[in-house]
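Chains A and B, in that order, are what the protein sequence lines are. Heads up: the first sequence begins at 245 in our numbering, then just goes up one per residue. Heads up: the second sequence begins at 87 in our numbering, then just goes up one per residue.
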Amino acid sequence: MNTVNADVKTNSIYSVNGPVVKVKDTKDFQMMEMVYVGKKRLIGEVIGVSADFTTIQVYEGTGGLMPGEPVESTGAPMEVTLGPGIISNIFDGIQRPLAAMGANGKGAFIEDGIAVAPIDTEKEYDVTVCVKVGDTLRAGEIYATCPETPLITHKCMLTPNIKEGKVTYAAPNGKYKVNDTVVKIEVGGKETALTLCQKWPIRTARPVAERLPANMPLITGQRIIDTVVPVAKGGAAAIPGGFGTGKTMTQHQLAKWCDADIIVYIGCGERGNEMTQVLEEFSELIDPKTNRPLTERTIHIANTSNMPVAAREASIYTGITLAEYYRDMGYHTAIMADSTSRWAEALREISGRLEEMPAEEGFPAYLPSRLSQFYERAGYVKALCGKEGSVTVIGAVSPQGSDFSEPVTQNTKRFVRCFWALDKSLAYARHYPAINWNLSYSEYSDDLAEYYNTNIAPDFMSARQQLSNILVEETNLMEIVKLMGSDILPDDQKVLIETARVVRVGFLQQNAYHPDDTFVPLKKQYLMMKTILLLYSLAKEAVASGISVADITATGWFEKLIKVKYDIPNDKPEMFDEYQRDMVQTFDRLRTHV
Amino acid sequence: MTVKYIGLSQINGPLVALEGVSGIGYDEMAKIKLDDGTQRLARVVEVSEDKAVLQVFEGTSGLSLENTETQFEGKPMELALSTEMLGRIFSGAGKPIDGLGNILAEKYADINGKPLNPVYRTYPRNYINTGISSIDALATLIRGQKLPIFSGSGLSHNKLAVQIVKQAKIADESGKDFAVVFGAMGVKNDVADYFKRSFEESGALQRTVMFLNLSNDPIIERILTPRCALTAAEYLAFEHNMHILVILTDMTSYAEAVREFSSSKGEIPGRKGFPGYLYSDFASLYERAGIIKGAEGSVTQIPILTMPNDDITHPVPDLTGYITEGQIVLDRGLDQTGVYPPVSVLPSLSRLMKDGIGEGFTREDHSMLSNQLFASYAKVQDARALASVIGEEELSQTDKDYLGFGKLFEKHFLSQSFDEDRTIDQTLDLGWLLLSTLPKSELERVDDEHIKKYYSPEKAKEAFGEQA
Chain A
245 MNTVNADVKT
255 NSIYSVNGPV
265 VKVKDTKDFQ
275 MMEMVYVGKK
285 RLIGEVIGVS
295 ADFTTIQVYE
305 GTGGLMPGEP
315 VESTGAPMEV
325 TLGPGIISNI
335 FDGIQRPLAA
345 MGANGKGAFI
355 EDGIAVAPID
365 TEKEYDVTVC
375 VKVGDTLRAG
385 EIYATCPETP
395 LITHKCMLTP
405 NIKEGKVTYA
415 APNGKYKVND
425 TVVKIEVGGK
435 ETALTLCQKW
445 PIRTARPVAE
455 RLPANMPLIT
465 GQRIIDTVVP
475 VAKGGAAAIP
485 GGFGTGKTMT
495 QHQLAKWCDA
505 DIIVYIGCGE
515 RGNEMTQVLE
525 EFSELIDPKT
535 NRPLTERTIH
545 IANTSNMPVA
555 AREASIYTGI
565 TLAEYYRDMG
575 YHTAIMADST
585 SRWAEALREI
595 SGRLEEMPAE
605 EGFPAYLPSR
615 LSQFYERAGY
625 VKALCGKEGS
635 VTVIGAVSPQ
645 GSDFSEPVTQ
655 NTKRFVRCFW
665 ALDKSLAYAR
675 HYPAINWNLS
685 YSEYSDDLAE
695 YYNTNIAPDF
705 MSARQQLSNI
715 LVEETNLMEI
725 VKLMGSDILP
735 DDQKVLIETA
745 RVVRVGFLQQ
755 NAYHPDDTFV
765 PLKKQYLMMK
775 TILLLYSLAK
785 EAVASGISVA
795 DITATGWFEK
805 LIKVKYDIPN
815 DKPEMFDEYQ
825 RDMVQTFDRL
835 RTHV
Chain B
87 MTVKYIGLSQ
97 INGPLVALEG
107 VSGIGYDEMA
117 KIKLDDGTQR
127 LARVVEVSED
137 KAVLQVFEGT
147 SGLSLENTET
157 QFEGKPMELA
167 LSTEMLGRIF
177 SGAGKPIDGL
187 GNILAEKYAD
197 INGKPLNPVY
207 RTYPRNYINT
217 GISSIDALAT
227 LIRGQKLPIF
237 SGSGLSHNKL
247 AVQIVKQAKI
257 ADESGKDFAV
267 VFGAMGVKND
277 VADYFKRSFE
287 ESGALQRTVM
297 FLNLSNDPII
307 ERILTPRCAL
317 TAAEYLAFEH
327 NMHILVILTD
337 MTSYAEAVRE
347 FSSSKGEIPG
357 RKGFPGYLYS
367 DFASLYERAG
377 IIKGAEGSVT
387 QIPILTMPND
397 DITHPVPDLT
407 GYITEGQIVL
417 DRGLDQTGVY
427 PPVSVLPSLS
437 RLMKDGIGEG
447 FTREDHSMLS
457 NQLFASYAKV
467 QDARALASVI
477 GEEELSQTDK
487 DYLGFGKLFE
497 KHFLSQSFDE
507 DRTIDQTLDL
517 GWLLLSTLPK
527 SELERVDDEH
537 IKKYYSPEKA
547 KEAFGEQA
């Protein structure tokens with residue numbers, strides 16, 4: 245018992261039920277406060293306060309916990325520590341580094357009550373202090389920088405909780421650890437020491453100067469995404485799909501190739517082996533832009549499905565807070581949450597334990613508001629320090645029974661503007677990425693039109709439209725083909741069906757294991773599109789002038805364009821000119837033969 | 087602590103409540119002694135300052151508010167472990183039931199296990215040759231994987247599981263470090279017997295640990311069965327460096343036991359009455375497959391579940407599919423046409439296969455070949471759908487080719503006898519032979535180099551005669 249500090253009263257556990265612990269007759273706790281529960285000091289969070297009971301969800305296993313064990317209050321909400329050392333690290337749902345949790349003989353299995361510092365406090369960084377005594381430092385302004393990885397310069401910013409202060413001390417440049425004081429400021433007559441790190445509550449969005457329109461694409465190198473259903477930097481997208489449709493695979497591809505500066509990959513209630521694979525693969529893969537390992541720009545949060553459910557609920561917030569922190573430095577960050585359904589189920593599970601009134605399918609009534617709070621933290625912003633940065637959120641959804649009408653998918657749809665629907669029948673035919681072009685949409689395409697038309701080609705958007713028209717027409721024709729066979733179609737429609745096949749197999753389908761095809765630059769995507777459209781118009785003309793479809797397909801151009809993704813390397817776009825020239829010649833010859 | 091509490095304050099289904107107790111931990115075990123001297127096991131499922139709720143494993147029939155004496159053990163349920171377990175048969179709660187007496191425990195372990203830190207896992211890469219073409223070529227089983235069989239009542243999932251056990255070359259070359267842990271949850275006596283006999287015949291029984299909870303055994307014990315089995319598996323794999331294949335059947339009965347228990351606790355039901363935490367509960371079992379960095383052993387899981395009404399969107403197969411690394415789906419239509427094993431190719435999948443096949447593991451053409459087989463077989467389904475509307479005669483030549491390919495594929499590739507053990511080369515060559523019955527232009531997923539090497543319509547004609 246602590247007798248020195250008289251105002252700290254010890255509270256004790258009244259009851260335990262799964263991850264939910266109750267404390268009776270106390271007014272000591274505030275809502276969303278972090279607490280330590282039991283003798284093992286398990287980490288928990290206050291999720292309900294009433295005159296009779298304080299309800300706590302515990303982020304670790306509660307086996308063996310007894311009524312009467314102490315519950316310690318911390319007076320602060322669930323926080324993450326923000327400072328150099330976050331990147332390349334892999335955390336659990338409440339920012340405990342997994343590697344350190346097993347170090348020093350603690351073993352491969354996660355025991356309860358392991359306390360480790362979120363970031364390495366012993367590592368020294370080369371710090372450049374960028375303020376001097378007498379300067380005024382405002383909220384969000386940068387006072388020191390240090391190289392965190394060879395790719396990322398970490399910028400230490402004044403926490404947004406302090407409006408402004410006068411610098412009273414600035415340390416010389418040199419080597420410092422995260423908890424060393426590098427700057428002191430005077431705020432309202434009191435001196436505050438600033439180290440390389442700060443804390444921030446995970447459930448509160450970090451403030452920004454202003455939100456800007458999202459009109460830059462997040463370039464992913466995946467054709468169906470970049471060309472057909474693009475997402476903007478600072479946008480929010482959802483990938484729904486039943487099991488086996490390739491959600492995780494798509495997320496991996498995006499995490500590897502998208503042009504964000506920093507990736508936060510949240511494995512929320514997913515498979516342990518899969519997380520291991522991500523970790524292994526990312527350390528071997530080289531970022532094509534910087535020639536450095538991908539891990540140097542990636543933060544992993546792994547809360548696998550068998551880790552405590554309450555920490556799974558927190559992992560999403562932990563991830564987005566880290567992303568916002570780097571956004572505030574002026575970086576473009578992207579977070580991949582795989583999967584938000586597991587997070588919603590964690591909400592449901594805890595809500596059930598609290599005996600709350602369930603709404604749809606047992607999910608709590610506050611599911612939509614929680615989802616919107618999460619997705620609304622995406623955005624393209626001007627940060628407090630004046631730099632522009634963004635957080636793009638890409639959430640996977642695992643609908644129960646692959647039924648998109650279930651609550652999580654439906655509610656997610658309301659808060660994202662980009663929807664990449666994965667399709668079981670495409671996946672069964674091993675058409676990857678199995679994004680269904682009829683069900684998917686992107687509300688960003690209009691906002692991004694200007695970027696595409698100025699930076700890639702003036703007719704990019706119109707070519708894109710022609711391409712989707714072909715697909716739409718094919719879908720209509722397929723209704724007939726399914727009933728009557730393709731033989732009865734007139735020749736011009738046969739040409740359309742052939743072209744649509746080239747679009748589907750040659751363009752939309754992409755091979756993640758092929759060195760060139762795994763990431764395709766926008767320029768090549770555009771040229772592929774144009775070449776297919778050229779073939780379509782040549783073939784249509786030929787049919788109109790009486791050449792048979794059999795003769796046209798016999799030219800082999802349809803097959804050739806299907807393989808063009810492999811045959812023309814990414815760095816040789818000039819080869820498309822040759823292709824187009826040859827194609828025109830072939831068709832000229834056809835006509836003269838007739 | 088040896089405090090004994092006389093009597094109970096409430097009995098409700100498998101749950102009993104005790105009031106006026108103290109010093110009791112959540113999840114701790116207790117023994118309930120009855121007047122007649124028999125003893126039952128119970129576990130604390132809810133505890134508050136003066137009240138504890140316990141679930142009684144052997145059921146509450148015969149209990150009254152007065153005829154019991156409860157003693158708490160101060161620790162969670164633990165299983166006695168030793169290498170002597172091999173060749174033995176235990177009840178669903180881990181008690182020996184083969185009449186050979188208790189085992190001499192080397193150590194005790196909490197049956198709930200602990201989550202494995204993903205940083206300390208090794209990503210599974212070694213494939214297991216099962217000798218079954220449909221699995222080896224299209225949904226390759228990898229050491230350390232969890233690959234369930236989705237089946238239906240009356241299909242040959244048990245036979246398939248036995249064949250996998252019999253043929254799987256999971257062990258290192260010498261074959262001595264291989265063992266099977268078999269957990270039966272709510273299966274019929276006949277089924278348990280079938281497994282026992284089959285293991286005996288194949289000589290695997292001496293390397294098998296069996297946990298049997300039959301369909302008329304208490305449901306609370308059923309909830310413990312897979313946990314006991316996996317605890318034994320982890321012990322043998324990670325402390326004795328063995329390669330363990332865990333077969334759990336039937337996960338649907340297990341889930342129903344969880345549901346029954348949940349509703350007796352008065353919890354809010356989710357889909358089809360299953361509790362909201364069924365996903366986490368499943369995950370706490372399935373995630374116990376894998377390989378630990380630095381350890382030589384591995385735990386591979388083949389859970390078997392029967393889909394009620396053959397419905398793959400039922401919560402049990404649905405949630406399972408979201409946790410496991412793929413699935414092998416059995417199909418009633420194929421079974422009826424006499425195809426064994428009736429593996430439904432299109433929905434079957436192995437997520438770990440991509441990194442465990444190809445050069446250095448199986449053969450360099452494996453990945454492209456399997457993609458092509460999938461894609462071609464998907465087209466067979468389209469052609470069949472079309473033929474059922476307009477008749478086979480009206481089909482285009484390509485569609486007719488696909489119908490022919492489909493027939494041959496099912497007859498020669500999917501179908502194989504219970505004793506037929508195909509090598510990976512045999513399986514892959516057979517795949518190419520079948521693809522050779524299709525026109526070259528239809529093979530979009532394989533590159534020219536492999537076509538040159540393996541594509542041969544002549545050989546196909548030789549093998550399949552006029553059908554090709």
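Note that CB positions come from ideal geometry on N, CA and C, so glycine has one too.
Buried or exposed: where does M439 (chain B) fall if 16 or more other Cβ atoms within 10 Å of its Cβ makes it buried?
Per the 10 Å Cβ criterion, buried.
Considering only residues of the same chain and omitting the five flanking positions on each side of L459 (chain B), which have a CB-CB separation below 6 Å?
The residues are G517.
Proximity winner among A:E650, A:T577 and A:P734, relative to A480 (chain A) (alpha-carbon distances):
That would be A:T577, whose Cα lies nearest to the Cα of A480 (chain A).
Cβ of L202 (chain B) within 8 Å of any chain A Cβ
It does: the Cβ of L202 (chain B) has a partner Cβ on chain A nearer than 8 Å.
At least one CB of chain B closer than 8 Å to the CB of R661 (chain A): is that the case?
Not one chain B Cβ lies under 8 Å of R661 (chain A).
Have a look at Y413 (chain A) and G433 (chain A) and give me their C-alpha separation to the nearest angstrom.
A direct Cα-to-Cα measurement between Y413 (chain A) and G433 (chain A) gives close to 14 Å.
Would L432 (chain B) pass as an interface residue toward chain A - the criterion being a Cβ-Cβ separation below 8 Å?
Yes, L432 (chain B) lies at the interface with chain A (some Cβ there is under 8 Å from its Cβ).
Look up M245 (chain A) in the DSSP assignment and say whether it is helix, strand or coil.
Interpretation of M245 (chain A) is limited by its pLDDT of 38, a score under 50 that renders its predicted location unreliable; no figure is taken from the coordinates.
Based on the DSSP secondary-structure assignment, which residues constitute the bridge partners of A481 (chain A)?
DSSP output for A481 (chain A) lists A:I638 and A:C662 as bridge partner(s).
Check M278 (chain A) in the structure and name its three-state DSSP category.
In the three-state DSSP reduction, M278 (chain A) falls in the strand class (E or B).
Validate contact between the region 747–757 of chain A and the region 675–683 of chain A using beta carbons, cut 8 Å, 3 pairs
Yes, they touch.
Could you please tell me which residues of the region 512–529 of chain A, in chain order, have their CB closer than 8 Å to any CB of chain B?
Taken in chain order, the members of the region 512–529 of chain A whose beta-carbon sits within less than 8 Å of a beta-carbon on chain B are G513, R515, G516, N517, E518, M519, T520, Q521, L523 and E524.
Run through the DSSP bridge pairs and tell me what H544 (chain A) is partnered with.
BP columns for H544 (chain A) point to A:I334 and A:Y509.
Y420 (chain A) and Y387 (chain A): beta carbons closer than 8 Å?
Contact annotation: Y420 (chain A) and Y387 (chain A) have beta-carbon atoms that are not nearer than 8 Å.
Residue from A:I530, A:P612 and A:V302 whose Cα sits closest to the Cα of V260 (chain A)
Minimum Cα distance to V260 (chain A) is reached at A:V302.
Taking the continuous beta strand (DSSP E) assigned at Y426 (chain B), which residues delimit it?
Here Y426 (chain B) belongs to no beta strand (DSSP E), and DSSP marks it neither H nor E.
From this set, A:N680, A:T372, A:A437 and A:L498, which residue's C-alpha is nearest Q466 (chain A)'s C-alpha?
Measuring from the Cα of Q466 (chain A), the nearest candidate turns out to be A:L498.
Taking only runs of the alpha helix (DSSP H) that begin and end inside the region 350–402 of chain B, which ones reach a length of at least 4 residues, in chain order?
The qualifying runs are 364–372.
C-beta contact flag for P263 (chain A) and T306 (chain A) at 8 Å:
Yes, Cβ-Cβ distance for P263 (chain A) and T306 (chain A) is below 8 Å.
Please classify H837 (chain A) as buried or exposed, where buried requires at least 16 neighbouring CB atoms within 10 angstroms.
Classification of H837 (chain A): exposed, given that the 10 Å Cβ count is below 16.
With 16 other Cβ atoms within 10 Å as the buried cut-off, status of R515 (chain A):
Buried: at least 16 other Cβ atoms inside 10 Å.
Between which residues of its own chain and Y569 (chain A) is the CB-CB distance below 6 Å, once the five residues before and five after are set aside?
Leaving aside the five residues that flank Y569 (chain A) on each side, the residues in its chain whose CB is nearer than 6 Å to its CB run, in chain order, L326.
Please list, in chain order, the chain B residues whose beta carbon lies closer than 7 Å to that of L309 (chain A).
The answer, in chain order, is G111 and Y112.
Min CB distance F855 (chain A) to chain B below 8 Å:
Because chain A is modelled from 245 through 838, residue 855 (chain A) falls outside the range shown and cannot be assessed.
Taking 8 Å as the threshold (beta carbon to beta carbon), is V582 (chain B) in contact with chain A?
Only positions 87 to 554 of chain B appear in the structure, and residue 582 (chain B) is not among them; the question remains open.
Measure the C-alpha to C-alpha separation of G529 (chain A) and L523 (chain A) and round it to an integer number of angstroms.
The sequence shown places Leu at residue 529 (chain A), not Gly. L529 (chain A) and L523 (chain A): Cα-Cα distance of roughly 10 Å.
With 8 Å as the threshold, decide whether the Cβ of T558 (chain B) is near any Cβ in chain A.
The first residue shown for chain B is 87 and the last is 554, placing residue 558 (chain B) beyond what the model contains.
Any C-beta of chain B under 8 Å from that of A352 (chain A)
With 8 Å as the cut-off, A352 (chain A) counts as an interface residue toward chain B.
Do L241 (chain B) and I388 (chain B) have their C-beta atoms closer together than 8 Å?
No. Outside cutoff.
Using beta carbons (cut-off 8 Å, strictly below), is N550 (chain A) in contact with chain B?
Chain B places a beta carbon closer than 8 Å to that of N550 (chain A), counting this residue as a contact.
Please report the residue range of the beta strand (DSSP E) in which I741 (chain A) lies.
Not the beta strand (DSSP E): I741 (chain A) falls in the alpha helix (DSSP H), residues D735 to R745.
Extract the residue ranges of the alpha helix (DSSP H) inside the region 680–744 of chain A, only unbroken runs of 4 or more that lie entirely within it.
689–699 and 704–728, all fully within the region 680–744 of chain A.
Continuous alpha helix (DSSP H) stretch holding C390 (chain A): start and end
Careful: C390 (chain A) lies outside any alpha helix (DSSP H), inside the beta strand (DSSP E) at I386 to P391.
For S260 (chain B), which three-state DSSP category applies?
Summary for S260 (chain B): the model assigns pLDDT 49, below 50, so the residue's position carries little reliability, and this model does not support an answer.
CB contact below 8 Å: A343 (chain B) versus chain A:
With 8 Å as the cut-off, A343 (chain B) does not count as an interface residue toward chain A.
With 7 Å as the limit, tell me which residues of the region 325–351 of chain A have their beta carbon closer than that to any beta carbon of chain B; keep them in chain order.
Answer set for the region 325–351 of chain A: I334, L342, A343, M345 and G346.
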